[in-house]
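When you read off a place in the sequence shown, starting at 1, and then add 291, the result is the number in the numbering used here. Presented below is the structure to which this report refers.
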Amino acid sequence: MGSGASHKASDADSAESKPGPAQVGEELESGCVIHEVADRAITVQQLQDLTSCIATKLKEEGWTTTDPSVAKPVKLKKGTVNLYDVVAKLVKPATEKRRCSYVELVATGPQTTRWFVSHWWGEPVFHFVACVVKHSEQRRLGYASTYWVCAYANNQWELAYDVAANPAESSFRRALDVAEGTLSILDDAARAYERVWCEYEVFVTLEKAKTTAHLFDIYTYHKHQPRGITDGITEGDRRGASWWWEDRKWSREKNFPVELAEAAMQAQVQLAMASVDADRIHILNSIVGAHDLNAVPPLEHERYDVVNTTLHARFALAALKLMVEARRSLHRYVQVISNSQVTRINLSFRSDQVLSDATLQQLAAALPATLKDLCLNMVDCTLLTDQGIQALALALEPLPLESLHLDIAKNALSDEAVQAVAASLGESLQHLWFSVGHITDISDVSGESLATVLPARLESMFLSLAGCRKITGKTLESLGRSFPLKLSHLELMFGSCHLLDNAAVQALLSQLPEGLLDLRLDFWGCSQLTE
């Protein structure tokens, strides 16, 4: 179980901490008192100090497993020591004198939760910390960023106070409520999702994501490396031109183990277990909205289904491209995605030689009705035609999309594909990123069709028609007349559009919306333009 919170990275980087117990020993009397459990998140640096301490103690003290099911003592190593062992052999001895949480021992003051960590205590602690470190690096959070980890935040001497009978009043829920995201760390068999507390944390995370920007990232340790699936693009992906961001995300995520994703897709919240059965009963009743938390929870319920399918969909999306490339059946994956309530989808098929119209039609039909943020990169997919894009556009039309990132450049498409996409743009759209560059048959028909349907609520727009050599000043004139009043960020790319002239560019510039804060124009290689 786990971690989280919402303050800026620069704030986190200013946090202070005391030396870990490796430096000062178990009779540590410094630290502080932190009354609010949600302010007992641990920093990345403090976690690294802790693992240094554990490594020293493993070597000097020869720790053996605390697992009661093991008849003969087994010597622990970095790859086997888990949180049960660490709490018994380090956290509780170090905090016994003050009878406080571990964080209160090593912090100098409140450390507000930024990310909430959901996990299973049985995973190796060194793998866990490696995942947190990698997550903080990929999201560019800094080593002072804070993660709420129950074993270090809760007072192990007064657990009844932090773990309330009502899950909504527990320390876990209080930390989740202030977190900006949830980091779910999976062991090698997805046993975390067999634990009811972890499932409850997923439930709260998914509920928050419906109405807030709460993020849900999933990491594991595989083949000696942390591997992660992130909720959207990370700051680490945002290097260079924006059309490469999705590829960086994909290059990170393609090594997430498919077998683990498929194991996680078997998780059923109603079958999850707890060390204390009363916790299981209370949590299941909380999920279904029962008034009596002590009642026998139902065996089946629609809210179980929502949690299960939405969690399964996160992993189905992670494995989807690998299944496409392997030419395996997508039926199970698209069914899971379609039945879910996910709000964000990000997929990259750049230069894919397998993605066909039929496959895209399957994916389009699977888009859930709850989708608000869609990012699809289909640059240079040789099998795609207008038919596939038209099917996608039809599926987009009824969705409550607020953000659409669609890259279909360098494909054998015509104006009909762009017209279909234009017709699908709904009034809920606030952010549009659309590239149809370097397509021979694209003309002013495409440009004008887009200009005439730009939603009134649009706040940011990126449009690339670079290399579309049939584009003339008509497209610029149409865009100039149609910019929404709320538009504050605009980027237009018309490089190598040789029919554009100075008059068309001047006409565009004269009609920019007054509230524009950021403007980027690219007319590189347009032979008729002069300075």
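Heads up, the beta-carbon is just placed ideally off N, CA and C, and yes, glycines get one too.
In terms of DSSP beta bridges, what is residue i paired with?
i, result
"PRO517", "TYR512"
"PRO415", "ASN373"
"PHE753", "TRP724 and GLU782"
"GLN819", "Paired residues: none, contrary to the question."
"GLN402", "ARG331"
"MET564", "ARG486"
"THR355", "LYS366"
With a cut-off of 8 Å on the beta carbons, I'd call residue i and residue j a contact; round off their distance for me.
i, j, result
"ASN445", "SER427", "ASN445 to SER427, Cβ: 22 Å. No contact."
"TRP411", "LYS380", "About 19 Å separates the two Cβ atoms, so there is no contact after all."
"GLN819", "LEU799", "The Cβ separation is near 15 Å, so there is no contact."
"LEU651", "ALA682", "6 Å"
"ALA329", "ALA466", "5 Å"
"GLY527", "ARG431", "6 Å"
"LEU662", "LEU692", "7 Å"
"LYS765", "GLY738", "7 Å"
"ASN858", "ILE574", "Only positions 292 to 822 of the chain appear in this structure, which leaves residue 858 out of reach."
"ASN668", "PHE640", "6 Å"
"GLN286", "THR673", "Because the chain here runs from 292 to 822, residue 286 falls outside it and cannot be looked at."
"THR473", "SER409", "6 Å"
"LEU767", "LEU807", "With 8 Å as the limit, LEU767 and LEU807 do not qualify as a contact, their Cβ atoms being about 16 Å apart."
"LEU613", "VAL549", "6 Å"
"ASP677", "SER705", "6 Å"
"ALA609", "GLU544", "6 Å"
Can you tell me where the beta strand (DSSP E) holding residue i begins and where it ends?
i, result
"TYR438", "437-439"
"GLU782", "780-784"
"ASN668", "664-668"
Taking all protein chains shown into account, do 16 or more other C-beta atoms lie within 10 angstroms of the C-beta of residue i, making it buried, or fewer, making it exposed?
i, result
"GLU414", "buried"
"GLN447", "buried"
"ARG772", "exposed"
"GLY316", "Here GLY316 scores only 42 on pLDDT, less than 50, and its place in the model should not be relied on; the value that follows carries that caveat. GLY316 should be labelled exposed."
"ARG530", "exposed"
"GLN314", "Per-residue confidence for GLN314 stands at a pLDDT of 43, beneath the threshold of 50, marking its modelled position as unreliable; the derived number appears in the next sentence. So GLN314 ends up on the exposed side."
"ALA532", "exposed"
"LEU551", "buried"
"GLY816", "exposed"
"HIS515", "exposed"
"LEU776", "exposed"
"VAL378", "buried"
"ARG605", "buried"
"PRO588", "buried"
"ASP568", "exposed"
"ASN576", "buried"
"SER740", "buried"
"PRO458", "buried"
"GLY679", "buried"
"PRO517", "buried"
"ASN637", "buried"
"ARG811", "exposed"
"GLN710", "buried"
Over the uninterrupted alpha helix (DSSP H) stretch that includes residue i, give me the two end residues.
i, result
"GLY764", "764-773"
"ILE345", "335-352"
"ARG405", "Unbroken run through ARG405 is the beta strand (DSSP E), 405-409; no alpha helix (DSSP H)."
"GLY738", "735-742"
"TRP541", "536-544"
"ARG811", "Note, ARG811: premise wrong, no alpha helix (DSSP H); beta strand (DSSP E) at 809-813."
"ASP570", "568-579"
"ASN446", "No alpha helix (DSSP H) holds ASN446; DSSP gives it neither H nor E."
"GLU362", "It should be noted that the sequence gives Ala, not Glu, for residue 362. Premise fails: ALA362 is in no alpha helix (DSSP H) and is neither H nor E."
"ALA591", "The residue asked about is misnamed: residue 591 is Glu in this sequence, not Ala. Taken as a continuous stretch (DSSP letters only), GLU591 belongs to no alpha helix (DSSP H), as it is neither H nor E."
"PRO384", "383-386"
"ASN793", "793-800"
"VAL397", "393-397"
"GLU550", "549-555"
Using beta carbons (cut-off 8 Å, strictly below), is residue i in contact with chain D?
i, result
"SER773", "The structure shown contains no chain D; it holds only a single protein chain."
Go through the stretch 616-653 residue by residue and report every complete run of the beta strand (DSSP E) that reaches 3 residues or more, in order. 635-639
Runs of 3 residues minimum, wholly inside the stretch 454-528: which ones carry the beta strand (DSSP E) assignment? 472-477, 506-513 and 516-520
Checklist entry - Where are the beta strand (DSSP E) runs, 3 residues long or more, that stay fully inside the stretch 684-745, in chain order? => result 694-698 and 722-726
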